[in-house]
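Below you'll find the structure, written out as structure tokens, and then a few comments.
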Amino acid sequence: MKILSRGPGKVRNNGATLSGFTLLEVIITLTVGALLMAVILPYLGTSVTKSSEPLSNLRNTLSIYRTLENMTADYRSQQANSTLDLVALQNDIGGEGTDNNNGYGDYHVVENRFILFDGGDQEASAGGSQHVLKVIIRPVAFGATFTTLFTDEVP
């Protein structure tokens with residue numbers, strides 16, 4: 000007399016055990032896996048494809064910061080040598096709306112004009128006055144803008 004045991008697999012009449020998955024179990028597992036991937040992949044896809052953007056933005060920001068530092072170093076050097084000419088500095092920086100690649104760096108000039116401040120601390124057109132030069136630059140492609148003021152007065 001044979002004793003059939005209830006183990007991990009089914010037992011055949013000859014005593015051999017069957018192991019593995021049925022076709023139905025495999026199909027259900029594949030279907031559930033496909034549904035999970037369909038839900039998860041859109042979220043993972045954007046995080047993987049856009050993962051380089053923060054690094055690119057940082058690179059652009061550091062580049063434009065370096066450019067602004069080069070402009071400031073030129074300004075300070077002219078101040079120290081008593082050769083400061085804000086009109087020449089304005090021309091060296093470049094015209095508004097232009098892309099420049101010069102000794103300062105690679106940048107786009109958003110604003111480059113002389114300004115005044117009225118009594119309410121608001122910016123006004125300088126007219127003939129050339130004592131405060133306002134410069135706004137950003138990376139050529141895109142990115143944050145940096146603003147600085149150059150004055151003809153020694154601090």
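One point on numbering: in numbering that gives the first Met the number 0, the residue at position 6 of the sequence shown is 5, and numbering is uninterrupted.
Beta carbons are placed, not taken as given, at the ideal position from N, Cα and C, and that holds for glycine.
- In the structure shown, T82 falls within a coil segment according to DSSP collapsed to helix, strand and coil.
- Around the beta-carbon of Q89, 16 or more other beta-carbon atoms lie within 10 Å, marking it buried.
- Taking C-beta separations shorter than 6 Å and ignoring five residues to either side along the sequence, the partners of H107 in its chain run D98, R137 and V139, following chain order.
- Straight-line measurement puts the Cα of L132 at about 59 Å from the Cα of L35.
- In the structure shown, T150 falls within a strand segment according to DSSP collapsed to helix, strand and coil.
- Here S55 is not bridged, per DSSP, to any residue.
- When Cβ pairs closer than 8 Å are counted between the two stretches, the region 100 to 115 is seen to touch the region 58 to 68, the count reaching three or more.
- Inclusion of T144 and T71 in the CB contact set at 8 Å is not warranted, their separation being larger than that value.
- Within the model, the alpha-carbon separation for Y42 versus A33 is close to 15 Å.
- Within the same chain, Q129, L132, F149 and D151 come within 7 Å of L85 by CB-CB distance, once the 5 residues on both sides are set aside.
- A Cβ-Cβ separation of about 7 Å places A123 in contact with F116 under the 8 Å criterion.
- Under the criterion of beta carbons closer than 8 Å, E110 and I92 do not qualify as touching, at roughly 10 Å.
- The beta-carbon separation of N59 and G142, rounded to 4 Å, stays under the 8 Å limit for a contact.
- Closest option to N100, judged by alpha-carbon separation, among N69, S50 and A79: N69.
- Boundaries of the beta strand (DSSP E) around V134: V131 to R137.
- For D91, the three-state secondary structure derived from DSSP is helix.
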